[in-house]
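The structure under discussion appears below in the form of structure tokens.
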Amino acid sequence: MAALKELEDYRWFPPILRQYQTDYIGYMVNRFAVYASFIDHLQSDDSLKNSMFDLCSGSGRPAVDIFDRISQFKSLHLSDKFPSTHTNFSSPIVYVKESVDALKLRFDSSHTYTMFNAFHHFSDFEQQELISKIRLQNAEAYIVEILTPGILVYIKIFFTCTLGTLLFTPFIKPFSWRRILFTYPIPINLFSITFDGLVSVYKSKSLKQYQTLFLNTIHPPEIIRLKKGLFSLIVFKIKHL
Numbered sequence: 004m005a006a007l008k009e010l011e012d013y014r015w016f017p018p019i020l021r022q023y024q025t026d027y028i029g030y031m032v033n034r035f036a037v038y039a040s041f042i043d044h045l046q047s048d049d050s051l052k053n054s055m056f057d058l059c060s061g062s063g064r065p066a067v068d069i070f071d072r073i074s075q076f077k078s079l080h081l082s083d084k085f086p087s088t089h090t091n092f093s094s095p096i097v098y099v100k101e102s103v104d105a106l107k108l109r110f111d112s113s114h115t116y117t118m119f120n121a122f123h124h125f126s127d128f129e130q131q132e133l134i135s136k137i138r139l140q141n142a143e144a145y146i147v148e149i150l151t152p153g154i155l156v157y158i159k160i161f162f163t164c165t166l167g168t169l170l171f172t173p174f175i176k177p178f179s180w181r182r183i184l185f186t187y188p189i190p191i192n193l194f195s196i197t198f199d200g201l202v203s204v205y206k207s208k209s210l211k212q213y214q215t216l217f218l219n220t221i222h223p224p225e226i227i228r229l230k231k232g233l234f235s236l237i238v239f240k241i242k243h244l
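Start counting the sequence shown at 4; every next residue gets the next number (the numbering used here).
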């Protein structure tokens with residue numbers, strides 16, 4: 004499972020295509036309120052830190068939308084191993100310009116860390132290592148996954164990545180003629196989004212599989228399912244011991 008990687012995880016993958024891909028994902032999850040149940044859940048959590056530090060942010064769109072809707076957070080730091088080229092954010096939102104590898108990060112107890120739709124990019128060992136590291140460094144985090152394995156999910160993601168890309172690309176901001184070029188006349192963007200979407204489903208896990216993975220962990224994370232409308236999320240809650 005770990006041997007198969009999304010194109011965007013390779014260093015050689017063109018940054019402009021990685022940007023188009025993360026822009027598209029961010030646009031779609033915000034447009035269709037995929038994280039609505041998680042936002043409701045966060046609003047009931049009175050133990051959040053003032054500072055939200057997002058990992059594997061991509062375009063940053065999902066984290067920014069959630070930050071704007073959650074009054075508990077006063078500042079937001081976005082970060083990624085391959086930082087976005089579109090970082091036009093103003094205070095209190097900061098996009099860290101340097102590469103931030105979640106597996107090498109020193110976690111700070113003054114932040115609430117978040118990760119949206121990126122946990123499946125890590126191998127089983129890396130997932131266990133990341134959770135353990137957050138625990139050992141006495142930090143708090145929410146990790147949210149929107150994908151689970153299954154034939155119906157493959158079908159849904161296939162059409163979301165093909166028809167969805169063709170329908171919604173002109174509405175993604177900032178508008179780019181180059182994005183149009185690589186989506187329609189030269190459909191490289193269409194191919195890479197679809198390929199990575201299907202690989203992401205292949206690498207995803209069910210709630211039961213995640214529970215089994217962390218079964219023998221000394222301090223396992225709390226893993227819950229949230230559902231609102233058509234969308235179901237798997238959420239890891241890592242709190243102070």
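Where a beta carbon is used, it is the ideal one built from N, C-alpha and C, also for glycine.
Per the DSSP secondary-structure output, Ser-78 pairs in a beta bridge with Ser-54.
Residue burial annotation: Pro-188 is exposed, with fewer than 16 other C-beta atoms found within 10 angstroms of its C-beta.
Taking the Cα positions, Val-32 is about 13 Å away from Ala-121.
Residue environment: Ile-146 is assigned as buried (16 or more neighbouring CB atoms within 10 Å of its CB, all protein chains considered).
Rounded to whole angstroms, the separation of the alpha carbons of Leu-184 and Leu-58 is 30 Å. Apart from sequence neighbours up to five positions away, the residues of its chain that approach Leu-51 with a beta-carbon distance below 6 Å are Gln-75 and Thr-115, ordered along the chain. Remark: C-beta atoms of His-243 and Asn-141 approach each other more closely than 8 Å. Here the region 88-107 does not lie against the region 143-161, with fewer than 3 beta-carbon pairs under 8 Å apart. Burial state of Asp-127 is exposed, judged by a 10 Å Cβ sphere holding fewer than 16 other Cβ atoms. Per DSSP, Glu-11 lies in no alpha helix (DSSP H) segment and is marked neither H nor E. Shown here, Glu-101 sits in coil according to DSSP, grouped into three states, outside any helix or strand. Closest option to Arg-109, judged by alpha-carbon separation, among Leu-170, Ser-135, His-123 and Asp-71: Ser-135.
Relative to the Cα of Gln-131, the nearest Cα in the group Thr-165, Leu-216 and Asn-53 belongs to Leu-216. Between Lys-231 and Ser-40, the CB-CB gap stays under 8 Å. The C-beta separation of Leu-20 from Ser-195 comes to about 5 Å, placing the pair in contact by the 8 Å criterion. In this model, Thr-90 and Tyr-98 are separated by some 6 Å (Cα to Cα).
If you draw a 10 Å sphere on the C-beta of Arg-64, you find 16 or more other C-beta atoms in it, and that means buried. Excluding residues up to 5 positions away in sequence, His-222 lie with their Cβ nearer than 6 Å to the Cβ of Arg-138 in the same chain.
If the five residues before and after Ser-113 are omitted, its C-beta is found closer than 7 Å to the C-beta atoms of Lys-52 and Ser-54, all from its own chain and listed in chain order. For Arg-228, the pairing in a beta bridge is given by DSSP as Ile-237.
Here the C-alpha atom of Arg-182 lies approximately 15 Å from the C-alpha atom of Thr-165. In chain order, Tyr-27, Thr-186, Asn-192, Leu-193, Ile-196 and Thr-197 place their CB closer than 8 Å to the CB of Thr-168, counting only its own chain and leaving out the 5 sequence neighbours on each side.
Per DSSP, the beta-bridge partners of Tyr-116 are Phe-56 and Ala-144. The C-alpha of Ile-175 lies about 44 Å from the C-alpha of Asn-219. Your pair Gly-61 and Thr-25 checks out as a contact, with CB atoms roughly 3 Å apart and the cut at 8 Å.
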